[in-house]
Amino acid sequence: MTSSAHAAHLAELNVATLRYPLDDPRMSPFVEMLDPVNAAADGAPGFVWRLVEEGTGDATGLRPAGEDVIVNLTVWETQEALWDFTYRSGHLEVMRRRREWFERHIEAHLVLWWVPAGHLPTVDEALERLADLRAHGPSPRAFTFASPYTATEAAQHIQAAPPRQPEQAVRSSRRTPAGDAAAV
770 MTSSAHAAHL AELNVATLRY PLDDPRMSPF VEMLDPVNAA ADGAPGFVWR LVEEGTGDAT
830 GLRPAGEDVI VNLTVWETQE ALWDFTYRSG HLEVMRRRRE WFERHIEAHL VLWWVPAGHL
890 PTVDEALERL ADLRAHGPSP RAFTFASPYT ATEAAQHIQA APPRQPEQAV RSSRRTPAGD
950 AAAV
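All residue numbers for the sequence shown refer to this note's numbering, where the first residue is 770 and numbers rise by one.
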């Protein structure tokens, strides 16, 4: 995890329902993009942390939202940093091709929320924020890119989340600005 001068960081969860199992040949282009896109995220300005399954480089083996649903859980210093990575990097190619690999979403599939800097959200916390967004719509507690809230607007919800460690976290050697390796 990188260190940051920000008091709050932006957590992000998105879920995707697979059209086919990951080992199906039709999923090969997506699977081949995983390592390069994850490496780009890890090196992106403002990246803090991402969930991975223990012993792997990604979270595609984790299925907390259903056997055919993959999750992506990340933390970023700012909403702008996440936006830039999502829409101005190689990640955009995955988004352009998502209909090849994933079912159309009927409900919200992406949720953003502010966490105290240094807090790593759990999968349960992330799924609860997604459920909140689905049930109540965007609010300072759970929102989207299209209906954003600032950390200041969400302040009471930031403090409501006690710091805790996630069940499973990326174990990378992401360098902090000081150059020290940070194991999360």
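Every residue, glycine too, gets a C-beta built ideally from N, C-alpha and C.
Residues of its chain near residue 805, where Cβ-Cβ distance is below 7 angstroms and the 5 sequence neighbours each way are ignored: Residue numbering aside, residue 805 sits at position 36 when the sequence shown is read from its first letter. Correct list, in chain order: 859.
Burial state of residue 790, where buried means 16 or more other Cβ atoms lie within 10 Å: Working through the sequence shown from its first residue, we reach residue 790 at position 21. By the neighbour-count rule (16 or more Cβ atoms within 10 Å), residue 790 is not buried but exposed.
Proximity of residue 840 and residue 851 at Cβ, strictly below 8 angstroms: Indexing the sequence shown from 1 puts residue 840 at position 71. Indexing the sequence shown from 1 puts residue 851 at position 82. No. Outside cutoff.
Residues near residue 939 by beta carbon distance below 7 angstroms, same chain, minus five either side: The residue given as residue 939 occupies position 170 in the sequence shown. Its pLDDT being 44, under 50, residue 939 is placed unreliably in this model, and the value from its coordinates should be taken loosely. Taken in chain order, the residues that qualify are 818, 819, 820, 821 and 953.
Residue 902 versus 812, 881 and 800, residue with shortest Cα-Cα distance: Counting from one through the sequence shown, the residue named residue 902 turns up at place 133. Ranking the options by Cα distance to residue 902, first place goes to 881.
The region 878-892 / the region 774-790 touching (three or more Cβ pairs under 8 angstroms): yes
Endpoints, the beta strand (DSSP E) within which residue 854 is located: Residue numbering aside, residue 854 sits at position 85 when the sequence shown is read from its first letter. Here residue 854 belongs to no beta strand (DSSP E); instead the alpha helix (DSSP H) covers 848-856.
Exposure label - residue 915; buried when at least 16 CB within 10 Å: As a position in the sequence shown, residue 915 is number 146, starting the count at 1. Counting Cβ neighbours within 10 Å, residue 915 comes out exposed, since fewer than 16 surround it.
Distance between residue 788 and residue 810 (C-alpha atoms, nearest Å): What you label residue 810 is simply residue 41 of the sequence shown in a count that begins at 1. What you label residue 788 is simply residue 19 of the sequence shown in a count that begins at 1. Cα-Cα distance, rounded: 24 angstroms.
For residue 870 and residue 816, believed in contact at Cβ under 8 angstroms, the rounded distance: Against the sequence shown, residue 816 aligns to sequence position 47. Against the sequence shown, residue 870 aligns to sequence position 101. Going by Cβ atoms, the distance from residue 816 to residue 870 rounds to 23 angstroms, so no, they are not a contact pair.
Which listed residue (862, 834, 848 and 844) has its alpha carbon closest to that of residue 803: Working through the sequence shown from its first residue, we reach residue 803 at position 34. Selected option, being the one with the closest Cα: 862.
Closest residue to residue 921 among 907, 884, 895 and 835 (Cα-Cα distance): In the sequence shown, residue 921 corresponds to position 152, counting from 1. That would be 884, whose Cα lies nearest to the Cα of residue 921.
Limits of the beta strand (DSSP E) - the one that residue 819 falls within: Residue mapping note: residue 819 aligns to position 50 of the sequence shown, counting from 1. It spans 816-819 - the beta strand (DSSP E) in which residue 819 sits, taken as one unbroken run.
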